[in-house]
Ligand SMILES: C[S@@+](CC[C@H](N)C(=O)[O-])C[C@H]1O[C@@H](n2cnc3c(N)ncnc32)[C@H](O)[C@@H]1O
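In my numbering, the protein residues as written are -13 to 256.
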């Protein structure tokens, strides 16, 4: 894979400074979390970690069993803690975490060195891009992705690659924030959120993604809105950890104004 294909903002964000150590992140994850049932006010750093683990569990729970037979890939694995959780808790046959950033792949291997030693043939982290997945045709039972697809430049290539690497009957499960339709939405998101303004995040409309999946040959494409489990809880945590007015707190406003929502999208390869 060509190093130069990494978008500049992605290369910078996950380069020298590790974003998982930034304010608002915790526990070797880098996602907003599923806060369902986490009610402490204010939430603790342990609650923050639990929210991120819960988001993984929610995504992984959509993959049809028996788990011990499933060979999976995670696209945009970041620090790899989610792939390790998948193996530890769900006991899948094998999980390979893929990330476009070589520093993230290196971090994932370091953070999860014990899990790698425990499951030498079942856990791996490797360099790869969403639109050029490092797997043969029809070789996987499941592909999942947690809060990474908003950074893919386009979702058409990802949809085709996921369809290519899945076996017949395989499932794709993607959790991320996707935008509402409409020409002005991307611009309004850029005004509210620095991530969209500087190009780290891309406004992908949900309906365009589900259309891409259908066009790539997936069936039973389904999208569940889970924003209510993500942003109120996250905002309660950030209120305590970020300075007032920090742009990250605007995600909550972007959600309440209907500009974006957090979705869990699943699709089956016939
Ligand atoms: C917000 S982090 C999420 C990490 C992890 N899934 C988690 O929930 O903790 C997004 C990750 O996606 C990776 N990424 C961005 N664009 C990608 C692409 N086109 N292909 C593969 N990985 C990508 C980034 O390098 C980063 O590690």
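No residue lacks a Cβ here, since even glycine has one placed at the ideal position from N, Cα and C.
Backbone secondary structure at residue i - three-state DSSP
i           : result
residue 157 : strand
residue 237 : helix
residue 58  : strand
residue 223 : helix
residue 118 : strand
residue 99  : helix
residue 128 : strand
residue 145 : helix
residue 215 : helix
residue 175 : helix
residue 199 : helix
residue 92  : helix
residue 34  : helix
residue 231 : coil
residue 75  : helix
residue 12  : coil
residue 180 : helix
residue -9  : helix
Bridge partners - residue i, DSSP secondary structure assignment
i           : result
residue 39  : DSSP output for residue 39 lists no bridge partner at all.
residue 165 : 191 and 246
residue 113 : 85
residue 251 : 160 and 209
residue 152 : 126
residue 80  : 57
Delimiting residues of the alpha helix (DSSP H) encompassing residue i
i           : result
residue 208 : No alpha helix (DSSP H) holds residue 208; the beta strand (DSSP E) holding it covers 205 to 211.
residue 280 : Examination of residue 280 is not possible in this model, given that the chain is present from -13 through 256 alone.
residue 186 : Counting along the chain, residue 186 falls outside any alpha helix (DSSP H), and DSSP gives it neither H nor E.
residue 134 : Where residue 134 is concerned, there is no enclosing alpha helix (DSSP H), given that its DSSP letter is neither H nor E.
residue 70  : 67 to 71
residue -6  : -6 to -1
Cβ-Cβ distance between residue i and residue j below 7 Å
i           : j           : result
residue 77  : residue 54  : yes
residue 80  : residue 108 : yes
residue 216 : residue 248 : yes
residue 232 : residue 221 : no
residue 131 : residue 83  : no
residue 35  : residue 219 : no
residue 65  : residue 93  : yes
residue 261 : residue 127 : No answer is possible for residue 261: it lies beyond the span of the chain, which begins at -13 and ends at 256.
residue 134 : residue 101 : no
residue 193 : residue 167 : yes
residue 26  : residue 33  : yes
residue 178 : residue 225 : no
residue 223 : residue 29  : yes
Cut-off 7 Å between Cβ atoms - residues of its own chain near residue i, not counting five sequence neighbours on either side
i           : result
residue -6  : none
residue -13 : In this prediction, residue -13 has a pLDDT of 49, which is less than 50 and means its spatial position is unreliable; nothing more can be read from the coordinates.
residue 171 : 165, 189 and 245
residue -8  : 86 and 87
residue 38  : 13, 15, 17 and 19
residue 195 : 141, 164 and 251
residue 120 : 84, 112 and 114
residue 146 : 202
residue 139 : -7 and 188
Interface flag, residue i vs chain C, CB-CB below 7 Å
i           : result
residue 177 : The chain inventory of the structure shown lacks chain C, comprising one protein chain alone.
Contact set for residue i: own chain, Cβ-Cβ below 6 Å, skip 5 residues either direction
i           : result
residue 176 : 182 and 183
residue 205 : 254 and 256
residue 250 : 161, 210 and 212
residue 158 : 129, 148 and 253
residue 203 : 149
Extent of the continuous beta strand (DSSP E) run through residue i
i          : result
residue 48 : Looking at the DSSP string, residue 48 is not in any beta strand (DSSP E), and its letter there is neither H nor E.
Cut-off 8 Å between Cβ atoms - residues of its own chain near residue i, not counting five sequence neighbours on either side
i           : result
residue 105 : 73
residue -4  : 86, 87, 137 and 186
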